[in-house]
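If you read the sequences in order, they're chains S and Y.
The letter at position 31 of the first sequence is residue 31 when you use the working numbering, and the numbering goes up by one with no holes.
Add 345 to the 1-based position in the second sequence for the working numbering, that's all there is to it.
See below for the structure under consideration.
There are 2 protein chains.
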Amino acid sequence: MLSERKREVLRAVVSEYVNTAEPVGSRTLVRRHDLGVSTATIRNEMADLEEMGYLEQPHVSAGRVPSDSGYRFYVDNLMEQDQLTGSEQDLLNQLAGITTREADTVLASASRLLSQISNYVGLVTSPRIHTSRLTSVKLVHLDHRLALALLFTDNGQVESRVMVLPPEIEPADMENLAAYFTHRLAGKPIEEITSQLLDEVYEELLENVRHSCDLLGQIASALMAWLKASARGRVYMGGAHNILKQPEFQDLEKVRRLLALLEEEPILLQLLQRDPGTMVTIGRENQLPVMQDCTVVSATYAVNGRPAGTLAVLGPTRMNYAHVISVLEYMSGCLEQAFSGKDKD
Amino acid sequence: MLSERKREVLRAVVSEYVNTAEPVGSRTLVRRHDLGVSTATIRNEMADLEEMGYLEQPHVSAGRVPSDSGYRFYVDNLMEQDQLTGSEQDLLNQLAGITTREADTVLASASRLLSQISNYVGLVTSPRIHTSRLTSVKLVHLDHRLALALLFTDNGQVESRVMVLPPEIEPADMENLAAYFTHRLAGKPIEEITSQLLDEVYEELLENVRHSCDLLGQIASALMAWLKASARGRVYMGGAHNILKQPEFQDLEKVRRLLALLEEEPILLQLLQRDPGTMVTIGRENQLPVMQDCTVVSATYAVNGRPAGTLAVLGPTRMNYAHVISVLEYMSGCLEQAFSGKDKD
DNA sequence: ATTAGCACTCTCCCCAAGAGAGTGCTAACG
DNA sequence: CGTTAGCACTCTCTTGGGGAGAGTGCTAAT
Numbered sequence: 001m002l003s004e005r006k007r008e009v010l011r012a013v014v015s016e017y018v019n020t021a022e023p024v025g026s027r028t029l030v031r032r033h034d035l036g037v038s039t040a041t042i043r044n045e046m047a048d049l050e051e052m053g054y055l056e057q058p059h060v061s062a063g064r065v066p067s068d069s070g071y072r073f074y075v076d077n078l079m080e081q082d083q084l085t086g087s088e089q090d091l092l093n094q095l096a097g098i099t100t101r102e103a104d105t106v107l108a109s110a111s112r113l114l115s116q117i118s119n120y121v122g123l124v125t126s127p128r129i130h131t132s133r134l135t136s137v138k139l140v141h142l143d144h145r146l147a148l149a150l151l152f153t154d155n156g157q158v159e160s161r162v163m164v165l166p167p168e169i170e171p172a173d174m175e176n177l178a179a180y181f182t183h184r185l186a187g188k189p190i191e192e193i194t195s196q197l198l199d200e201v202y203e204e205l206l207e208n209v210r211h212s213c214d215l216l217g218q219i220a221s222a223l224m225a226w227l228k229a230s231a232r233g234r235v236y237m238g239g240a241h242n243i244l245k246q247p248e249f250q251d252l253e254k255v256r257r258l259l260a261l262l263e264e265e266p267i268l269l270q271l272l273q274r275d276p277g278t279m280v281t282i283g284r285e286n287q288l289p290v291m292q293d294c295t296v297v298s299a300t301y302a303v304n305g306r307p308a309g310t311l312a313v314l315g316p317t318r319m320n321y322a323h324v325i326s327v328l329e330y331m332s333g334c335l336e337q338a339f340s341g342k343d344k345d
Numbered sequence: 346m347l348s349e350r351k352r353e354v355l356r357a358v359v360s361e362y363v364n365t366a367e368p369v370g371s372r373t374l375v376r377r378h379d380l381g382v383s384t385a386t387i388r389n390e391m392a393d394l395e396e397m398g399y400l401e402q403p404h405v406s407a408g409r410v411p412s413d414s415g416y417r418f419y420v421d422n423l424m425e426q427d428q429l430t431g432s433e434q435d436l437l438n439q440l441a442g443i444t445t446r447e448a449d450t451v452l453a454s455a456s457r458l459l460s461q462i463s464n465y466v467g468l469v470t471s472p473r474i475h476t477s478r479l480t481s482v483k484l485v486h487l488d489h490r491l492a493l494a495l496l497f498t499d500n501g502q503v504e505s506r507v508m509v510l511p512p513e514i515e516p517a518d519m520e521n522l523a524a525y526f527t528h529r530l531a532g533k534p535i536e537e538i539t540s541q542l543l544d545e546v547y548e549e550l551l552e553n554v555r556h557s558c559d560l561l562g563q564i565a566s567a568l569m570a571w572l573k574a575s576a577r578g579r580v581y582m583g584g585a586h587n588i589l590k591q592p593e594f595q596d597l598e599k600v601r602r603l604l605a606l607l608e609e610e611p612i613l614l615q616l617l618q619r620d621p622g623t624m625v626t627i628g629r630e631n632q633l634p635v636m637q638d639c640t641v642v643s644a645t646y647a648v649n650g651r652p653a654g655t656l657a658v659l660g661p662t663r664m665n666y667a668h669v670i671s672v673l674e675y676m677s678g679c680l681e682q683a684f685s686g687k688d689k690d
């Protein structure tokens, strides 16, 4: 266990380095944080902390810099809660007030706000409806060739898609078809509706109903494509340019690689697949080589009480952890409100 | 008018500079392009070209670099047609083959491909349905509180949106309502359906029909919001990181500003609002200060013969103009094919 | 255990010198 | 008269040395 003074020193080093981005020496440390001892003592403490792996020295006659483990210890044991300022709260509260019904707009604004307040990169995933259940399938006849397929879920969402039908179908057939789909699929979590299950339903239909397989196949594959698309999930990114403000991203090639990564939606999506709660991934803790001097702080948000999506901030390991965590957790609430409020009316 | 030799020299300077990104001197010019005269002669020609404003000298003892007007002259008078390689064509042809019905996927891939082939930033706008006409409005009752609003356009597109209704409405009312909207709005180009027109219709409805204004207002505003959203248009961007490969973007602050700009969708949208055809905007010809050492080459694509959207490449003024233009024009065709093919089936 | 003092190390900045590249000018040439 | 060889000149970029500055670790004294 670290002595109280060592903890104090480590905390001071982190806070100083986060502010200045420059290796911090014993002198500046005693001057700016009243530690009550001399520089020599601090030097000894810092040497100890270095040996323990919490601090590093860029070169022998420079100050100290927190290592990944140093940040880790700081986050786990030393960090103090941060209070958002009033204006920050106001900014974030806008989210709940967006009038549009489009999730799109809300999420785009969220990622933007995140980057704006944190000065890092903001990331937000769309709410995943995986966990919600299908309640019914409807087919509505529109005109001679067009029908509308509707999926209802138990969290109040409705998705619709226009489908082109072959001319030989009767309105009654369509009702039967919809009823059958509902019968077979209702109550199932969206994520369990795989192509395998759909294939089964397809086979059954072929046996029981006397439709052209063409039509059935079309409907089944449209349903499938559509479920896939809505299950895919999107990632909204805002403020990518902010990383260029950080002194640790002066190396153009490094920045380029990171930016290229940020354009790969599937990778981001996988990256943001997280368990509920707040999580901090520091430097080497990240799997991807490009991100090994970045930190990702993530939180999840819920819709109607169920975990739905992730919001995150990506920045250098030298990050204002306390502040970012506060922002994320506050925004998590705002998003829940925005989405849950929307479903009610 | 420029002498044939001057044209030759200017062409050589542009081509050399585009390849090497370094000021080109008389020596390298005669060595790499067989101009048949000595360096001294070339020096004189270059001095003339500089005086005419087509070339510039970074400093007195450096080689020459094309000015914005130099590029302009090159593009307008000197450039030779570029042939795409087979593999480039294959890559672009993928676009037409995307099976998804989602415009989203096609456009995202398009911007990606554009950046991949050109090594600059690729931009694509979604097809604008402005010019198409509304044919009818339908309201379909779903369950006690939900209705589906449908808009049909004369190019075969259908847009649908779920609306929440107050309970007091009767199915017959809804049909009347839909019929009235159709009666008043059918045949109008989408872009003419402004909030002013909708307000008029709203007023008329209030007089003629005995519904709660609450409901009417709701429907009108939903319709409005929705038309706005589908008229808004989106911009797809790919390969933003590519600009970091360019030696002219070493200045981090400059890059940051440009990246920030690229995150502003409305600005991009305005930027890409272009008349049909291929267009090159070089350096200072751009309005925005951030872009004054960039070139935007844009082309438009049509859907069913009508101009629908823009695709563009953004890079440094030192750009491979001929190649980029070929790529854009080829892709324009691919996009038209992708979208027009889609509407048919 | 803490601290003052000191020698030592390493980076960063500045400056001067020299190499290199390219020019413009002048005078000679066909 | 257009073209070219030759040359002096200018400017940048690189290289290397020297000194200032910051910070350290160690030792001896408190």
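Cβ atoms here follow ideal geometry from the backbone N, Cα and C, with glycine treated the same way.
Listing by chain order, which chain S residues have their CB less than 7 Å from the CB of Y:Ala605?
In chain order: His241.
For Y:Lys687, which residues from the same chain have a beta carbon less than 6 Å from its beta carbon, with the 5 sequence-adjacent residues on both sides left out?
Summary for Y:Lys687: the model assigns pLDDT 45, below 50, so the residue's position carries little reliability; its value from the coordinates is reported in the next sentence. Hits under 6 Å: none found.
Starting from Y:Arg478, follow its DSSP beta bridges and name the residues at the other end.
Looking at the DSSP assignment, Y:Arg478 forms a beta bridge with Y:Pro534.
Leaving out five residues before and five after S:Phe73 in sequence, what residues of the same chain have Cβ atoms less than 7 Å from its Cβ?
Answer for S:Phe73: Leu10 and Tyr54, listed in chain order.
Taking 6 Å as the limit between beta carbons, can you name the residues of its chain near Y:Arg626, skipping five residues before and five after?
Here residue 626 of chain Y is Thr; the residue named in the question, Arg, does not match the sequence. Within the same chain, Y:Thr626 has close Cβ partners Val641.
If we ignore side chains and look at the alpha-carbon of each, how far apart do Y:Gly370 and Y:Leu656 end up?
The straight-line gap from Cα to Cα measures roughly 36 Å.
For a minimum of 3 consecutive residues, which ranges assigned as the beta strand (DSSP E) are wholly contained in the region 360 to 421 of chain Y?
Those beta strand (DSSP E) runs which fall completely within the region 360 to 421 of chain Y and span 3+ residues do not exist here.
Spell out the partners DSSP gives Y:His668 in its beta bridges.
In DSSP, Y:His668 forms no bridge with anything.
Can you give me the start and stop residues for the alpha helix (DSSP H) that Y:Glu504 sits inside?
Per DSSP, Y:Glu504 belongs to no alpha helix (DSSP H); it is in the beta strand (DSSP E), Val503 to Val509.
What span of residues does the beta strand (DSSP E) with Y:Ile627 cover, start to end?
Counting along the chain, the beta strand (DSSP E) containing Y:Ile627 begins and ends at Met624 to Ile627.
Using the beta-carbon count (16 or more within 10 Å), is Y:Asn587 buried or exposed?
The residue is buried, with at least 16 neighbouring Cβ atoms inside 10 Å.
Do three or more CB pairs link the region 323 to 337 of chain S to the region 108 to 121 of chain S at distances below 8 Å?
Yes, since at least three Cβ pairs between the region 323 to 337 of chain S and the region 108 to 121 of chain S fall closer than 8 Å, the two stretches touch.
Could you name the residues of the region 6 to 20 of chain S whose beta carbon sits closer than 7 Å to any beta carbon of chain Y, in the order they occur along the chain?
Those would be none; no residue qualifies.
Quick test of your reading: Y:Leu394 and Y:Ile387, contact by CB under 8 Å. State the CB separation rounded to the nearest angstrom.
The pair is not a contact, with the Cβ atoms about 10 Å apart (cut-off 8 Å).
Would you mind stating whether S:Ala322 and S:Gln81 have Cβ atoms separated by less than 8 Å?
Against a cut-off of 8 Å, the Cβ pair of S:Gln81 and S:Ala322 comes out as a contact.
Since S:Gly315 and S:Val121 should fall inside the 8 Å C-beta cutoff, what is the C-beta to C-beta distance between them, to a whole number of angstroms?
Between S:Val121 and S:Gly315 the Cβ distance is about 7 Å, and since that is below 8 Å, they are a contact.
Starting from Y:Pro611, trace the beta strand (DSSP E) in both directions and tell me its first and last residue.
Here Y:Pro611 belongs to no beta strand (DSSP E); instead the alpha helix (DSSP H) covers Glu610 to Leu616.
Sorted by chain position, which residues of the same chain lie with C-beta nearer than 6 Å to Y:Phe497's C-beta, five sequence neighbours on each side aside?
Closer than 6 Å at the Cβ level, and outside the excluded window around Y:Phe497, lie Thr480, Ser481 and Val503.
Between S:Val140, S:Glu45, S:Arg306 and S:Tyr301, which lies nearest to S:Val327 when the distance is taken from Cα to Cα?
Comparing Cα-Cα distances from S:Val327 to each of S:Val140, S:Glu45, S:Arg306 and S:Tyr301, the minimum goes to S:Tyr301.
For the candidate residues S:Leu84, S:Ser109, S:Ser118 and S:Arg133, whose alpha-carbon lies nearest to that of S:Glu126?
Here residue 126 of chain S is Ser; the residue named in the question, Glu, does not match the sequence. The option with the nearest alpha carbon to S:Ser126 is S:Ser109.
Tell me, please, which residues DSSP counts as bridged to S:Leu139.
DSSP output for S:Leu139 lists S:Ala149 as bridge partner(s).
By DSSP, does S:Arg306 sit in helix, in strand, or in coil?
It is a strand residue.
Per DSSP, what kind of secondary structure is Y:Gly660 in: helix, strand or coil?
Y:Gly660: strand per DSSP, three-state reduction.
Keeping to the same chain, check which residues put their C-beta closer than 6 Å to that of S:Val75; ignore five residues upstream and five downstream.
Taken in chain order, the residues that qualify are Val280 and Tyr321.
Any idea if Y:Ala523 is buried or exposed, counting beta-carbon neighbours within 10 angstroms, 16 or more meaning buried?
Looking at its Cβ environment, which holds 16 or more other Cβ atoms inside 10 Å, Y:Ala523 is buried.
Let me know if Y:Arg376 comes out buried or exposed under the rule of 16 or more other beta-carbons within 10 Å of its beta-carbon.
When all chains shown are included, Y:Arg376 counts as exposed.
For Y:Leu617 versus Y:Leu468, is the C-beta distance shorter than 8 Å?
Result yes, Cβ atoms of Y:Leu617 and Y:Leu468 sit closer than 8 Å.
Over the uninterrupted beta strand (DSSP E) stretch that includes Y:Leu696, give me the two end residues.
There is simply no residue 696 of chain Y to check, as chain Y begins at 346 and stops at 690 in what is shown.
Considering S:Val235, what are the terminal residues of the beta strand (DSSP E) in which it resides?
Per DSSP, S:Val235 belongs to the beta strand (DSSP E) from Val235 to Gly238.
For S:Tyr301, write down the residues that DSSP places opposite it in a beta bridge.
DSSP output for S:Tyr301 lists S:Gly309 as bridge partner(s).
Short of 7 Å in beta carbon distance, which residues of its chain neighbour S:Pro307, apart from the five on each side in sequence? Order them along the chain.
For S:Pro307, where only same-chain residues beyond five positions count, the Cβ hits under 7 Å are Pro276 and Thr300.
Identify every residue that forms a DSSP beta bridge with S:Val201.
Note: S:Val201 sits in no beta bridge, so no partner.
Name, going along the chain, the residues of the region 85 to 96 of chain S whose beta-carbon falls closer than 7 Å to a beta-carbon of chain Y.
Those residues of the region 85 to 96 of chain S that come within reach of chain Y (Cβ to Cβ, closer than 7 Å) do not exist; the list is empty.
For the candidate residues S:Glu207, S:Gly187, S:Val60 and S:Phe181, whose alpha-carbon lies nearest to that of S:Leu198?
Taking only the C-alpha atoms, the option nearest S:Leu198 is S:Phe181.
Quick one: which residues of the region 158 to 185 of chain S get their C-beta closer than 9 Å to a C-beta of chain Y? List them in chain order.
Residues Val158, Glu159, Ser160, Arg161, Val162 and Val164.
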